[in-house]
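Colleague: Input: one structure, supplied below.
Number of protein chains: 2
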Amino acid sequence: MSFGFSGNGSQPPSLLDTLIDSLKCLPGVGPKSAQRMAFHLLQRNRDGAKNLADNLNKAVKEIGHCANCRTFTEHDMCVICNDKSRLSNQICIVESPADVFTIEKSTDYKGMYFVLMGRLSPLDGIGPKELGLEILEKRLTEQKIEEMILATNSTVEGEVTAHVLSEMARKQGIKTTRLAQGVPVGGELEFVDQNTIAQAFNGRKHY
Amino acid sequence: MSFGFSGNGSQPPSLLDTLIDSLKCLPGVGPKSAQRMAFHLLQRNRDGAKNLADNLNKAVKEIGHCANCRTFTEHDMCVICNDKSRLSNQICIVESPADVFTIEKSTDYKGMYFVLMGRLSPLDGIGPKELGLEILEKRLTEQKIEEMILATNSTVEGEVTAHVLSEMARKQGIKTTRLAQGVPVGGELEFVDQNTIAQAFNGRKHY
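And the structure:
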């Protein structure tokens, strides 16, 4: 979208147009929000904008992946992998760094993580190598891991990935577990999808 | 919000925490969206992030106000003020540069603009000086303006501002008009607020 102030098209886009356009790289931000953001920053928060620009630059330059678990960090190893108080005999496998955050916030899990940074998807060219499964296999061999918790998403690709990982663990005699599937807490049955109901029904427990 | 990976609080926040925090300067972006944006940029669009940082820096540094109408521009005068084909005998007064955009997009108005960059609000220390009314008065005296279109917002402050501006124009014998108030196009009466209904009723026209 052009802000429309660049005249008849023979001129280069204005700085404002360029800014609005580049704000659209943010997820969930369309032309309308991008415009609102640009005006807000220019009119009311130029310091915030400068600060954001600095931190974007710094983050893009310095944030890489943890050598041990592959999550985002600006150091060699992330805070969790460096934390000696955590249990090294449990490893939880997730698809993305955001999942690590979600689990840390919601549970009292004190073990280690491994972040795949994706899921198996051969059609998109994402195979075992892209997910760093070699690094994971090495960890499984070298570290005394007793339980592998499969916390990949509950999608088709996530399930396939979990299956492949469980095979890998089984070869080394490591116990694998998978997050329970069922009705969400606080959810009304009426609004839960059929697949979930079916899973919850089959997986019913003593009460 | 801390991303929670900065350990026990004795360490400085991680770069990721800092990035998430600074994304919250964007309007409508809370902790959750900021986190999603940071992960998205780092995981999938580092070029976009770098580009955004560059454009933010450039915009903050170079975008100022048009000497004639006070809208945003990186030049001395904005594209509209520089456009010789526009009618110089009409001037439309708006509160913010976004309003200029809205009017340009929705109407075929071909006159000039003046952007107040705010509205009269003495309690917040916003008086005639902050709104550049001197510049506007000078334009009214020097340029042959025949009609002043008051397009300030339909809020209490916007109405007060419009009133003050109309007084200013009247002194110089300039005709003032105000955007019509009434039922929004496509709106159902049932869902229109009482004040608007009252205005629309009083302002009813021959049909």
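Those protein sequences? They're chains A and B, same order as listed. Read in order, the letters of the first sequence correspond to residues 1 to 207 in my numbering. Read in order, the letters of the second sequence correspond to residues 208 to 414 in my numbering. Heads up, the beta-carbon is just placed ideally off N, CA and C, and yes, glycines get one too.
1) Just to make sure I have the definition right: I need the residues of chain A whose C-beta is within less than 7 Å of the C-beta of residue 281(B). Which are they?
2) Ends of the alpha helix (DSSP H) at residue 42(A)?
3) Scan the segment 52-92 of chain A and note each continuous alpha helix (DSSP H) run of 4 residues or more that stays entirely inside, going in chain order.
4) Taking Cβ to Cβ, would you say residue 111(A) is nearer than 8 Å to residue 131(A)?
5) In angstroms, rounded to a whole number, what distance separates the CA positions of residue 215(B) and residue 362(B)?
6) Is it buried or exposed for residue 50(A), if we count other Cβ within 10 angstroms and need 16 for buried?
7) As a quick exercise: from 269(B), 278(B), 270(B), 255(B), pick the residue whose alpha carbon is nearest that of residue 60(A).
8) Among 57(A), 90(A), 128(A), which has the Cα closest to the Cα of residue 177(A)?
9) Which residues share a DSSP beta bridge with residue 301(B)?
10) Output yes if chain B places a C-beta closer than 8 Å to the C-beta of residue 50(A); else output no.
11) Would you kindly work out how many angstroms separate the C-alpha atoms of residue 66(A) and residue 97(A), rounded to a whole number?
12) Span of the beta strand (DSSP E) holding residue 382(B)?
13) Just checking: is the beta-carbon of residue 221(A) within a distance shorter than 8 Å of some beta-carbon in chain B?
14) How would you list, in chain order, the residues of chain A whose beta-carbon sits under 9 Å from the beta-carbon of residue 264(B)?
15) For residue 221(B), which three-state DSSP category applies?
16) Excluding five sequence neighbours on each side, which residues of the same chain lie with their C-beta closer than 8 Å to the C-beta of residue 390(B)?
17) Identify, in the order they occur along the chain, each residue of the same chain with its Cβ nearer than 7 Å to the Cβ of residue 369(B), setting aside the five sequence neighbours on each side.
18) With a threshold of 8 Å between beta carbons, is residue 337(B) in contact with chain D?
19) Closer than 8 Å, CB to CB, is residue 19(A) near chain B or not?
20) How about residue 364(B) and residue 328(B): do their beta carbons lie closer than 8 Å?
21) Listed in chain order, which residues of the segment 239-256 of chain B have Cβ atoms closer than 8 Å to some Cβ of chain A?
22) Between which two residues does the beta strand (DSSP E) carrying residue 356(B) extend?
23) Going by DSSP, what residue range makes up the alpha helix (DSSP H) through residue 190(A)?
24) Please name the residue in 269(B), 240(B), 340(B), 313(B) whose C-alpha comes closest to that of residue 373(B).
25) Expressed to the nearest angstrom, what Euclidean distance is found between the alpha-carbon atoms of residue 42(A) and residue 243(B)?
26) In terms of alpha-carbon separation, which member of 15(A), 95(A), 127(A), 57(A) lies closest to residue 39(A)?
27) Taking residue 372(B) as part of the alpha helix (DSSP H), name the residues at either end of that continuous run.
28) May I ask which residues mark the beginning and end of the alpha helix (DSSP H) holding residue 141(A)?
29) Compare the Cα-Cα distances from residue 354(B) to each of 334(B), 321(B), 342(B) and report the closest residue.
30) Can you check whether the C-beta of residue 304(B) is within less than 8 Å of a C-beta belonging to chain A?
31) Using beta-carbon positions only, say whether residue 410(B) and residue 379(B) come within less than 8 Å of one another.
32) Here's the rule: buried if 16 or more other CB atoms are within 10 angstroms of the residue's CB, otherwise exposed. What is residue 251(B)?
33) Chain B partners of residue 62(A), CB-CB under 8 Å?
34) Quick one: list the residues of chain A neighbouring residue 232(B), beta-carbon separation under 9 Å, in chain order.
35) For residue 154(A), decide whether its Cβ has a neighbour in chain B, counting only Cβ atoms nearer than 8 Å.
Modeller: Reading from the atomic positions:
1) Locating residue 281(B) in the second sequence gives position 74, where the first residue counts as 1. By Cβ distance, chain A contributes 14, 15.
2) Walking along the first sequence from the start, residue 42(A) turns up at place 42. Where residue 42(A) is concerned, the enclosing alpha helix (DSSP H) stretches over 31-44.
3) The segment 52-92 of chain A contains these whole alpha helix (DSSP H) runs: 79-82.
4) Here residue 111(A) is taken as the residue at index 111 of the first sequence, counted from 1. Here residue 131(A) is taken as the residue at index 131 of the first sequence, counted from 1. No, these two residues do not count as a Cβ contact at 8 Å.
5) Taking the first residue of the second sequence as position 1, residue 215(B) is located at position 8. Taking the first residue of the second sequence as position 1, residue 362(B) is located at position 155. Its pLDDT being 47, under 50, residue 215(B) is placed unreliably by the model, and nothing is read from it.
6) The count along the first sequence starts at 1 and reaches residue 50(A) at position 50. So residue 50(A) ends up on the buried side.
7) Taking the first sequence and counting its residues from 1, one reaches residue 60(A) at position 60. Taking the Cα of residue 60(A) as reference, the smallest distance to any Cα among 269(B), 278(B), 270(B), 255(B) is reached at 255(B).
8) Against the first sequence, residue 177(A) aligns to sequence position 177. For the set 57(A), 90(A), 128(A), the Cα lying nearest the Cα of residue 177(A) is the one of 90(A).
9) In the second sequence, the residue the question calls residue 301(B) occupies position 94. Note: residue 301(B) sits in a beta bridge opposite 322(B).
10) Position 50 of the first sequence holds residue 50(A). Interface residue, yes.
11) Along the first sequence, read from residue 1 onward, the residue named residue 66(A) stands at position 66. Along the first sequence, read from residue 1 onward, the residue named residue 97(A) stands at position 97. A straight line joining the alpha-carbon of residue 66(A) with that of residue 97(A) spans about 11 Å.
12) What you label residue 382(B) is simply residue 175 of the second sequence in a count that begins at 1. Unbroken beta strand (DSSP E) run through residue 382(B): 382-385.
13) Chain A is shown only over 1 to 207; residue 221(A) falls outside these bounds and no answer can be derived.
14) Taking the first residue of the second sequence as 1, we reach residue 264(B) at position 57. Under the 9 Å cutoff, chain A gives 49, 50, 53, 54, 57.
15) Position 14 of the second sequence holds residue 221(B). In the structure shown, the three-state DSSP call for residue 221(B) is coil.
16) Sequence index remark: in the second sequence, residue 390(B) carries index 183 (1-based). Only 396, 399, 403, 404, 407 meet the Cβ criterion.
17) Working through the second sequence from its first residue, we reach residue 369(B) at position 162. Excluding the 5 residues flanking it on each side, residue 369(B) has same chain C-beta neighbours closer than 7 Å at 357, 359, 385, in chain order.
18) Here chain D cannot be found, since the structure's protein chains are A and B.
19) As a position in the first sequence, residue 19(A) is number 19, starting the count at 1. Yes, residue 19(A) counts as interfacial toward chain B.
20) In the second sequence, the residue the question calls residue 364(B) occupies position 157. In the second sequence, the residue the question calls residue 328(B) occupies position 121. Yes, they are a contact pair.
21) Hits within the stretch, in order: 240, 242, 243, 244, 245, 246, 247, 248, 249, 250, 252, 253, 255, 256.
22) In the second sequence, counting from the first residue as 1, residue 356(B) sits at position 149. 354-357 is the span of the beta strand (DSSP E), which, as asked, contains residue 356(B).
23) For the purposes of this step, residue 190(A) is taken as residue 190 along the first sequence, with counting starting at 1. If you look at residue 190(A), you'll find it isn't in any alpha helix (DSSP H); DSSP assigns it neither H nor E.
24) Locating residue 373(B) in the second sequence gives position 166, counting from the first residue. Measuring from the Cα of residue 373(B), the nearest candidate turns out to be 340(B).
25) Position 42 of the first sequence holds residue 42(A). Position 36 of the second sequence holds residue 243(B). Whole-angstrom Cα-Cα distance: 24 Å.
26) Locating residue 39(A) in the first sequence gives position 39, where the first residue counts as 1. Comparing Cα-Cα distances from residue 39(A) to each of 15(A), 95(A), 127(A), 57(A), the minimum goes to 15(A).
27) The sequence position of residue 372(B) within the second sequence is 165, counting from 1. It spans 363-378 - the alpha helix (DSSP H) in which residue 372(B) sits, taken as one unbroken run.
28) Taking the first sequence and counting its residues from 1, the one referred to as residue 141(A) is at position 141. That run of the alpha helix (DSSP H) goes 133-142.
29) In the second sequence, counting from the first residue as 1, residue 354(B) sits at position 147. Per the Cα distances, 321(B).
30) Taking the first residue of the second sequence as 1, we reach residue 304(B) at position 97. The Cβ of residue 304(B) sits closer than 8 Å to at least one Cβ of chain A.
31) In the second sequence, the residue the question calls residue 410(B) occupies position 203. In the second sequence, the residue the question calls residue 379(B) occupies position 172. No, they are not a contact pair.
32) Along the second sequence, one-based indexing puts residue 251(B) at 44. In this structure residue 251(B) is exposed. Its beta-carbon is surrounded by fewer than 16 other beta-carbon atoms within 10 angstroms.
33) Working through the first sequence from its first residue, we reach residue 62(A) at position 62. Under the 8 Å cutoff, chain B gives 222.
34) Reading the second sequence from its first residue, position 25 is the one you call residue 232(B). The answer, in chain order, is 40, 41, 45, 47, 48, 49, 51, 52.
35) Residue 154(A) sits at position 154 when you count from the first residue of the first sequence. No, its Cβ sits nowhere closer than 8 Å to a Cβ of chain B.
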